[in-house]
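Reviewing the structure listed below.
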Amino acid sequence: MRFTLAIAAGLIFAGTTVVPASADAPEGAYWRVETTFTTTHPHAVGSGYHLTEREVSTEWLSPQGKSWSGFRELGAKPATKKDEAAWRADGSPTEWDYRTEGMKIHLSTKPGKGSIAADKGTPDGFRLGERYMTYQQLQSLPTDAEALRKYLVADVNAWIDKAVEDAKTTSPNSKKDDWLSNLDRYVAEQASELLYVNPVPDKVRAAAYQVLKTTKGVSDLGQAKDPLGRSGRKLAMPVPSGGGSVLKQQFLVDTKAMTMLAEYTDLKAGGKAVLGKSGVTTFRAGWTNDKPAVPSAS
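Read left to right, the sequence shown gives residues -23 to -1, 1 to 275 (mature numbering (1 follows the signal peptide of the UniProt record, and there is no 0)).
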């Protein structure tokens, strides 16, 4: 479950004017979601220093449910001051190549060319959890927090029932309780997606925030700023049960616009951070009339 934000009317990003969602007619030709992920590359390069990588993904959705996806690598740079010193001692290279698990990895300080393409093989519509909805159905979601919670719980339970049935082919001993132990987390994740993934009405967004912050296991960490300097309320998600790894996840929410600003992911295995899968993601989302295009390199 997972993937930019209507901060307020008049917000500008990538040359696009973005405005909040409305319960009425769409306020643009596309709902555009921009997701920028920053992480430390898992493999040391050169004389043993690590690099931080950034990549940006975009999703463009028309009110009719047609979608386009864009992607661009934004380049790599030394992760810390210590890594920067080692990089300079190596002569400040701008490219790195190595092989791992049979794959050739190429890293560069320069942004990639990027791509944009219409999504094929997926149903038309707006994805909420594991199913697709029409724009009109999104506008009809409950605006009362408890009613929305009941809606999301029912949706998650339906997904769990299907997951249990599908799992029987490979894990005959699978039980519904294996999934239900993480029910609160799944509900919180679905509520968080309503804060940026789809163009839902403002009242639905406000209800989703109430569901998120009052879900069992979610804790309030107070005010904080994201890497872009935007202020919001930081909430910690319930830690999932089961497995040998530990995933800690936090969200930063603009409580005035009721939109998601950032997600922080800390995945550890054996007490050590899993580089490449831990990091911070920033979001921007809103209506635009600009046609789908390769994400900006900035």
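Ideal Cβ placement from N, Cα and C applies to all residues, glycine included.
On a predicted model such as this, the values are computed, not experimentally measured, just so you know.
Got a sec: is the Cβ-Cβ distance from residue i to anything in chain B below 9 Å?
i: Arg261; result: Looking at the structure shown, chain B is missing, and only one protein chain is on hand.
Using CA atoms only, rank isn't needed, just tell me which of the options is closest to residue i.
i: Asp203; options: Ala270, Gln227 and Pro272; result: Gln227
i: Thr29; options: Pro40, Thr13, Glu36 and Pro178; result: Thr13
i: Arg108; options: Gly42, Phe260, Val230 and Leu238; result: Gly42
i: residue 277; options: Gly23, Tyr186, Leu38 and Lys233; result: Because residue 277 is not part of the residues shown, which for the chain are -23 to 275, the question remains open.
i: Arg207; options: Thr191, Glu240, Lys254 and Pro55; result: Glu240
i: Pro217; options: Leu244, Asn159 and Val271; result: Asn159
If you follow the beta strand (DSSP E) that residue i is part of, which residue opens it and which one closes it?
i: Ala131; result: From DSSP, Ala131 is part of no beta strand (DSSP E) but of the alpha helix (DSSP H) over Ala122 to Ala144.
i: Asp74; result: Glu72 to Thr77
i: Tyr109; result: Arg108 to Met110
i: Tyr173; result: Careful: Tyr173 lies outside any beta strand (DSSP E) and carries neither H nor E.
i: Arg49; result: Ser44 to Pro55
i: Asp231; result: Ser222 to Asp231
Is any heavy atom of the ligand ZN found at a distance shorter than 8 Å from the C-beta of residue i?
i: Thr71; result: With respect to small molecules bound, the structure shown includes none, and the ligand ZN cannot be examined in it.
Tell me the DSSP bridge mates of residue i?
i: Trp264; result: Trp8
i: Leu238; result: Note: Leu238 sits in no beta bridge, so no partner.
Taking a contact to mean a Cβ-Cβ separation below 9 Å, would you say residue i touches residue j in this structure?
i: Gly199; j: Arg210; result: yes
i: Arg104; j: Gly263; result: no
i: Thr35; j: Trp45; result: yes
i: Gly25; j: Gly52; result: no
i: Arg162; j: Met235; result: no
i: Ala201; j: Tyr186; result: no
i: Leu129; j: Val177; result: no
i: Thr86; j: Gly256; result: no
Could you tell me if residue i is buried or exposed, where buried requires 16 or more neighbouring beta carbons within 10 angstroms of its beta carbon?
i: Arg49; result: buried
i: Glu142; result: exposed
i: Pro149; result: exposed
i: Thr258; result: buried
i: Arg182; result: buried
i: Leu171; result: buried
i: Gln113; result: exposed
i: Val133; result: buried
i: Arg261; result: buried
i: His27; result: buried
i: Gly248; result: exposed
i: Ala(-3); result: Bear in mind that the predicted position of Ala(-3) carries a pLDDT of just 43, short of 50, making it unreliable; the figure below should be weighed with that in mind. Counting Cβ neighbours within 10 Å, Ala(-3) comes out buried, since at least 16 surround it.
i: Gly102; result: buried
By the DSSP assignment, the alpha helix (DSSP H) with residue i in it spans what residues?
i: Lys152; result: Neither: Lys152 is in no alpha helix (DSSP H) and is coded neither H nor E.
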